[in-house]
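**Q** Residue numbers for the sequence shown, in this note's numbering: 988 to 1393.
Below is the structure I would like to discuss, written out as structure tokens.
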Amino acid sequence: MAVVLIKKALLTFTMLVLSLWVIHYAILWRVANNPKYAHSKSETDTIEYFADAGYNYGLKAWYEHDLKLASDYFRKALSINLLHVDSWLKLAQAETGTGNTVAAADILKFTNDLTRKVVQWKWPQLLLARGLKLDNIFWENINFVIPYRQFQDNALHLSDMHLGSDTTATLNFLEIGNFPIYLRWLMKWNRTEDTFRVWRAIEEKQIVDDDLYDRYIQFLILQKEFRRATEIREKYTGIDGMTNPGFELSLSNKGFGWRSRTGAHWDIQRIGSGVIHGNNALQVVFSGEENINFQHLSQIVPVLPGKTYSITYWWRSKDLTTDQRPYIEIRGLECVDSHWKSEMVPPETGWKQEIFVFSIPESCYAVTVNLRRNPSHRFDSKIRGILWLDHFQMKIVENLSILSEN
């Protein structure tokens, strides 16, 4: 019985000592990790065995421009924890600030090897490398962080500044896998001429994918670089003329594809029955509840300046109302005063082929083909009914006699 009581007493005493030690440690840890860096000298001595404390005191000295004291604290932190990377990097900065660039470079090389696959410290490392003119480490870490979205903009801005916005030089230092990210960054800042060089490099490395192609075509169209966009489209798709002319594919709403928008008072969708050509046609339904200014179906089409074109298409209609019914309009994108339009679709008709001819002015490389409907000024102005479209074709007319064949 006495032995059991002694064992219980010893266990209780041990647990009490451990509890007191944990409480003491927790108090010291809280002081050591105080983010305000407001520790006194006595506190410094009390928590000298915490690497984070030495690091925090070093930061406080750093912010007070006492680089010598800061270095001492960072070294003290490292004497406790040799793998305290933050202390190494701040020590390298302090050594740089005091002119000891050799020591700073040695520290950077050591930490760079130590954390080669760890993104957490790459940004301060590449900044140090740039300041120390260690280009190999700078570009190694630039390439490492670029795929991480949170670093992309800053990394590419820094590399661009580092090389004076020299796109060709930047390509020489970037890893091939980062070329598409670089292209998207240049597009973001509308650096059109620079994108040409990067796109050529991407083509040479054969790393073009569908998403990048779509993004770049859209960018070139927005920049009115229709000739370049057309060349790229023909190279990768073989399309020469209108895209998806028979609505056999879904409407893409991008690039040179059909763009459409369904609203509260009209609906646009592909159908697979009752078509005139192929397997699909496009159906536009008007609800009869609004006097619509309709311009919500269109396609940008590349053209050659000075050429005469014909456009043919098929349409049919059912129960279309009002004096203002849909028609096809072609409008120049660079020659904004140039536009041509068809007659309005009849209120009701079976499949009927329409054709009209137009001549492209010089210096005009693209037009839009639009389905339009103007608002009516009559009392009965709200359009209702259904329109179907199919089998568009646009081609150069070398001889007007070709029209008689259609």
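Virtual Cβ for every residue (Gly too), placed ideally from N, Cα, C.
1. Kindly indicate which three-state DSSP category Y1135 falls into: helix, strand or coil?
2. Report the option in K1096, I1129, L1115 whose CA atom is closest to the CA atom of V1106.
3. Using the rule of at least 16 other Cβ atoms within 10 Å of the residue's Cβ for burial, across every protein chain shown, is A1156 buried or exposed?
4. Measuring only the C-alpha atoms, how far is D1039 from Q1210?
5. Taking the continuous beta strand (DSSP E) assigned at F1281, which residues delimit it?
6. Using the three-state DSSP reduction, which class does L1236 fall into: helix, strand or coil?
7. So does T1308 have its beta carbon nearer than 8 Å to some heavy atom of the ligand HEM?
8. DSSP on S1066, reduced to helix/strand/coil?
9. Give a yes or no on contact between the segment 1112-1131 and the segment 1071-1090, applying the rule of three or more CB pairs nearer than 8 Å.
10. Could you check whether K1305 and E1349 sit closer than 9 Å to each other, using their CB atoms as the reference points?
11. Using a Cβ-Cβ cutoff of less than 7 Å, which residues in the same chain neighbour I1263 once the five nearest sequence positions on both sides are dropped?
12. Which runs of the beta strand (DSSP E), 3 residues or longer, sit entirely within the segment 1219-1280?
13. Using 10 angstroms around the beta-carbon of I1204, count the other beta-carbons present and answer buried if the total reaches 16, otherwise exposed.
14. Using only the alpha-carbon positions, how far apart do W1172 and E1212 sit?
15. Would you report the Cα separation of D1201 and G1244, rounded to the nearest angstrom?
16. Let me know if Y1044 comes out buried or exposed under the rule of 16 or more other beta-carbons within 10 Å of its beta-carbon.
17. Can you look up G1337 in the DSSP assignment and give me helix, strand or coil?
18. Please identify the residue among S1363, L1269, H1252 whose C-alpha is closest to the C-alpha of R1246.
19. Classify R1303 as helix, strand or coil using the three-state DSSP reduction.
20. Taking DSSP as the reference, what is the three-state secondary structure of Q1112?
21. Have a look at S1237 and V1354 and give me their C-alpha separation to the nearest angstrom.
22. Quick one: residues in its chain with C-beta nearer than 6 Å to the C-beta of G1319, no 5 flanking neighbours on either side, listed in chain order?
23. What does a CB cutoff of less than 8 Å around R1296 pick up in its chain, not counting 5 residues either side in sequence?
24. Might you give, ordered along the chain, the residues of its own chain that have their beta carbon closer than 8 Å to the beta carbon of I1373, omitting 5 neighbours on each side?
25. Using 10 angstroms around the beta-carbon of A1232, count the other beta-carbons present and answer buried if the total reaches 16, otherwise exposed.
26. Under the assumption that I1342 contacts K1328 (Cβ atoms under 8 Å), give the Cβ distance between them as a whole number of angstroms.
27. What span of residues does the alpha helix (DSSP H) with V1323 cover, start to end?
28. Measure from the alpha carbon of V1332 to the alpha carbon of each residue in E1321, V1323, L1119, N1361, then state which is nearest.
29. Starting from W1375, trace the beta strand (DSSP E) in both directions and tell me its first and last residue.
30. Would you kindly report the start and end of the unbroken alpha helix (DSSP H) that includes V1106?
31. Using 10 angstroms around the beta-carbon of G1041, count the other beta-carbons present and answer buried if the total reaches 16, otherwise exposed.
32. Taking R1360 as part of the beta strand (DSSP E), name the residues at either end of that continuous run.
33. In whole angstroms, what separates the C-alpha of G1164 from that of R1136?
34. For E1276, collect the residues of the same chain with a Cβ closer than 7 Å to its Cβ; drop the 5 residues on either side in sequence, then sort them by chain order.
35. Which term fits I1194, buried or exposed, when burial requires 16 or more other beta carbons within 10 angstroms of its beta carbon?
36. With a threshold of 16 other CB atoms inside 10 Å of the CB of P1292, please say whether the residue is buried or exposed.
**A** The structure says:
1. For the purposes of this step, residue 1135 is taken as residue 148 along the sequence shown, with counting starting at 1. Coil.
2. As a first step, residue 1106 must be located in the sequence shown, where it is residue number 119. Closest by alpha carbon: I1129.
3. For the purposes of this step, residue 1156 is taken as residue 169 along the sequence shown, with counting starting at 1. Classification for A1156: exposed.
4. Stepping through the sequence shown from its first residue, residue 1039 is reached at position 52. Stepping through the sequence shown from its first residue, residue 1210 is reached at position 223. If you take the alpha carbons of D1039 and Q1210, they lie about 53 Å apart.
5. For the purposes of this step, residue 1281 is taken as residue 294 along the sequence shown, with counting starting at 1. F1281 -> beta strand (DSSP E) spans 1281-1289.
6. By 1-based counting over the sequence shown, the position of residue 1236 is 249. If DSSP states are grouped into helix, strand and coil, L1236 belongs with coil.
7. Among the components of this structure there are no ligands whatsoever, and the ligand HEM is therefore not found.
8. Here residue 1066 refers to the residue found at position 79 of the sequence shown. S1066 falls in the helix class under three-state DSSP.
9. yes
10. Walking along the sequence shown from the start, residue 1349 turns up at place 362. Walking along the sequence shown from the start, residue 1305 turns up at place 318. Their beta carbons are not under 9 Å apart, which means E1349 does not touch K1305 by this criterion.
11. Numbered from 1 along the sequence shown, position 276 holds the residue referred to as residue 1263. For I1263, where only same-chain residues beyond five positions count, the Cβ hits under 7 Å are W1301, W1338, D1377, H1378.
12. 1245-1247, 1253-1258, 1268-1274
13. Indexing the sequence shown from 1 puts residue 1204 at position 217. Flag for I1204 reads buried.
14. Counting from 1 along the sequence shown, the entry for residue 1172 is found at position 185. Counting from 1 along the sequence shown, the entry for residue 1212 is found at position 225. Cα to Cα, the separation comes out at about 18 Å.
15. Taking the first residue of the sequence shown as position 1, residue 1201 is located at position 214. Taking the first residue of the sequence shown as position 1, residue 1244 is located at position 257. In a straight line, the C-alpha of D1201 is about 10 Å away from that of G1244.
16. Position 57 of the sequence shown holds residue 1044. Buried: at least 16 other Cβ atoms inside 10 Å.
17. Within the sequence shown, numbered from 1, the residue matching residue 1337 stands at position 350. Strand at G1337.
18. Numbered from its first residue, the sequence shown carries residue 1246 at position 259. Looking at the Cα atoms, L1269 is the closest of the given residues.
19. Mapped onto the sequence shown, residue 1303 falls at position 316. In the structure shown, R1303 sits in a strand (DSSP, three-state: E or B).
20. Translated into the one-based positions of the sequence shown, residue 1112 becomes position 125. Looking at Q1112 - three-state DSSP - the assignment turns out to be helix.
21. Translated into the one-based positions of the sequence shown, residue 1237 becomes position 250. Translated into the one-based positions of the sequence shown, residue 1354 becomes position 367. Cα to Cα, S1237 sits roughly 21 Å from V1354.
22. By 1-based counting over the sequence shown, the position of residue 1319 is 332. Contacts found: S1325, C1351, V1354.
23. Translated into the one-based positions of the sequence shown, residue 1296 becomes position 309. The question names Arg, yet the displayed sequence has Tyr at residue 1296. Result list for Y1296: V1290, V1344, F1345, S1346, I1347, M1381, K1382, I1383, V1384, in chain order.
24. For the purposes of this step, residue 1373 is taken as residue 386 along the sequence shown, with counting starting at 1. The answer, listed in chain order, is Q1270, V1271, V1272, F1273, S1304, K1305, D1306, L1307.
25. The residue labelled residue 1232 in the question sits at position 245 within the sequence shown. Correcting the residue type first, residue 1232 is Pro in the shown sequence and not Ala. Under this definition P1232 is a buried residue.
26. For this step, residue 1342 is matched to residue 355 along the sequence shown. For this step, residue 1328 is matched to residue 341 along the sequence shown. Not quite, the Cβ-Cβ distance comes to about 13 Å (not below 8 Å), so this is no contact.
27. For the purposes of this step, residue 1323 is taken as the residue at position 336 of the sequence shown. Premise fails: V1323 is in no alpha helix (DSSP H) and is neither H nor E.
28. As a first step, residue 1332 is located in the sequence shown; it is residue number 345 there, counting from the start. Nearest of E1321, V1323, L1119, N1361 to V1332, Cα basis: N1361.
29. Working through the sequence shown from its first residue, we reach residue 1375 at position 388. From DSSP, the beta strand (DSSP E) with W1375 extends over 1371-1383.
30. In the sequence shown, counting from the first residue as 1, residue 1106 sits at position 119. From DSSP, V1106 is part of no alpha helix (DSSP H); its letter is neither H nor E.
31. Residue numbering aside, residue 1041 sits at position 54 when the sequence shown is read from its first letter. Looking at its Cβ environment, which holds 16 or more other Cβ atoms inside 10 Å, G1041 is buried.
32. Within the sequence shown, the letter at position 373 stands for residue 1360. First-last of the beta strand (DSSP E) with R1360: 1353-1360.
33. Stepping through the sequence shown from its first residue, residue 1164 is reached at position 177. Stepping through the sequence shown from its first residue, residue 1136 is reached at position 149. Each residue's Cα considered, the two are about 14 Å apart.
34. If you number the sequence shown from 1, residue 1276 lands on position 289. The answer, listed in chain order, is H1252, K1369.
35. Taking the sequence shown and counting its residues from 1, the one referred to as residue 1194 is at position 207. Burial call: exposed.
36. One-based indexing of the sequence shown puts residue 1292 at position 305. Answer is exposed; the Cβ neighbour count stays below 16.
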